[in-house]
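One structure below.
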Amino acid sequence: MQSSRTTRSARDRAAQALDFGAQQANTIEPSVSSGLQDPTSDFRLLTSHFQDMAPAYDKLIAVDLDGTLLQPDNTITGENLSAVREAERHGAIVVVVTGRPYVSADSIARRFDLPKGPLVSFNGAVIRQPRGGKLLFQRLVPADLTMEVVEECIGHNLHLHFYLDDELFVSQYDDWARLYCERTEMSCRAVADMRDFAGKEAIKLLVVDRPETIDGYFQVYSRRWQHRLYVTRSMAEYIEFLSPQASKGHALDWLIDYYQVDRAKTLAIGDALNDLPLLERAGAAVAMPAAGEELKAVAQFVPPNQETGVAAAINWFLARR
96 MQSSRTTRSA
106 RDRAAQALDF
116 GAQQANTIEP
126 SVSSGLQDPT
136 SDFRLLTSHF
146 QDMAPAYDKL
156 IAVDLDGTLL
166 QPDNTITGEN
176 LSAVREAERH
186 GAIVVVVTGR
196 PYVSADSIAR
206 RFDLPKGPLV
216 SFNGAVIRQP
226 RGGKLLFQRL
236 VPADLTMEVV
246 EECIGHNLHL
256 HFYLDDELFV
266 SQYDDWARLY
276 CERTEMSCRA
286 VADMRDFAGK
296 EAIKLLVVDR
306 PETIDGYFQV
316 YSRRWQHRLY
326 VTRSMAEYIE
336 FLSPQASKGH
346 ALDWLIDYYQ
356 VDRAKTLAIG
366 DALNDLPLLE
376 RAGAAVAMPA
386 AGEELKAVAQ
396 FVPPNQETGV
406 AAAINWFLAR
416 R
């Protein structure tokens with residue numbers, strides 16, 4: 096168990112390394128953010144600048160928010176919070192890896208005083224410092240593919256959400272937009288014509304509708320944009336479109352490089368399809384009780400209880416190591 100002095104020292108080194116990392120991120124050429132080259136090349140390029148300054152952790156725990164660490168009312172149970180603190184005392188860094196926008200994830204991290212490592216948001220498309228929000232890494236959807244999705248959604252009158260920088264734009268402010276904003280505690284702006292964003296690179300595009308409607312479109316769009324876009328789902332009502340090099344799995348690779356942690360000593364906890372790449376690349380994988388069969392098929396452990404599932408997962412992981 097680490098002493099409080101060691102923990103403070105590690106946090107100080109973490110802050111120094113993150114500040115340096117943000118400075119290095121600002122040197123990346125804009126074209127890199129949407130290119131289709133080796134998905135891990137610039138992860139390694141960036142982390143190589145400040146690996147020596149990264150805090151020393153023996154283990155890494157990557158945890159999803161919605162349906163995993165968070166309850167439906169955006170709270171975290173005392174058992175789960177206590178387990179996160181206990182993991183830190185055992186030399187682990189606990190990192191939030193979510194499909195939520197950065198501002199939403201950062202708000203949750205602040206409210207519950209979650210560990211102050213990088214926040215992975217937008218399903219791995221954006222990695223930023225918490226609290227200050229300095230950019231460490233991002234992958235954007237190229238402008239031409241962004242417009243392909245926009246045109247398709249307009250043609251089928253789908254409820255489209257468009258993320259540009261830290262702002263959320265919606266094709267219509269209706270019940271679906273209100274539902275999404277309530278879930279993420281975000282504000283949004285309605286725009287008359289999404290084609291006005293021609294030439295812009297989106298962080299993420301999201302379609303929201305009834306689950307039975309989403310089921311059909313997801314099958315079609317997964318095939319249509321295979322290899323050109325990462326098409327996934329985080330909730331039954333959503334389809335999400337991202338760069339093919341933006342996933343929670345890619346984010347885990349970045350975190351492993353940054354912290355220089357043995358992959359065998361990493362734990363991933365999730366509940367939805369967008370968590371599958373994360374669980375597949377971690378040394379230990381936990382699927383929440385409400386997760387789909389595709390996640391449970393790759394998991395080594397499924398907690399018996401949804402509310403305290405993260406605590407059970409962390410305790411299971413620490414007991415094995």
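Residues 96 to 416 in our numbering are what the sequence shown lists, from first letter to last.
Don't be surprised by glycine CBs; every beta carbon is placed ideally from N, CA and C.
Exposure of residue i, with buried meaning 16 or more beta-carbon neighbours within 10 Å
i           : result
residue 291 : exposed
residue 256 : buried
residue 275 : buried
residue 369 : buried
residue 287 : exposed
residue 402 : exposed
residue 167 : exposed
residue 224 : buried
Separation of residue j from residue i, as counted between CA atoms
i           : j           : result
residue 346 : residue 219 : 5 Å
residue 97  : residue 174 : Unreliable placement is indicated for residue 97, whose pLDDT of 42 sits below 50; no coordinate value is reported for it.
residue 283 : residue 259 : 11 Å
residue 332 : residue 310 : 9 Å
residue 334 : residue 198 : 20 Å
residue 71  : residue 176 : Nothing in the structure corresponds to residue 71, since the chain is present only between 96 and 416.
residue 211 : residue 250 : 43 Å
residue 191 : residue 341 : 16 Å
residue 327 : residue 296 : 18 Å
residue 351 : residue 155 : 8 Å
DSSP three-state assignment for residue i, whether helix, strand or coil
i           : result
residue 377 : coil
residue 207 : coil
residue 347 : helix
residue 228 : coil
residue 163 : coil
residue 309 : helix
residue 273 : helix
Residue j beta carbon less than 8 Å from that of residue i
i           : j           : result
residue 404 : residue 372 : no
residue 164 : residue 195 : no
residue 157 : residue 377 : yes
residue 375 : residue 344 : yes
residue 230 : residue 324 : no
residue 207 : residue 222 : no
residue 203 : residue 169 : yes
residue 178 : residue 394 : no
residue 285 : residue 312 : no
Residue of the options minimising C-alpha distance to residue i
i           : options               : result
residue 266 : 302, 160 and 183      : 302
residue 254 : 386, 304 and 326      : 304
residue 365 : 351, 339 and 392      : 392
residue 300 : 268, 273, 263 and 319 : 263
residue 205 : 217, 251 and 227      : 227
residue 153 : 399, 394, 268 and 357 : 357
residue 214 : 312, 353, 236 and 280 : 353
residue 247 : 280, 236, 201 and 319 : 319
residue 316 : 397, 359, 234 and 243 : 243
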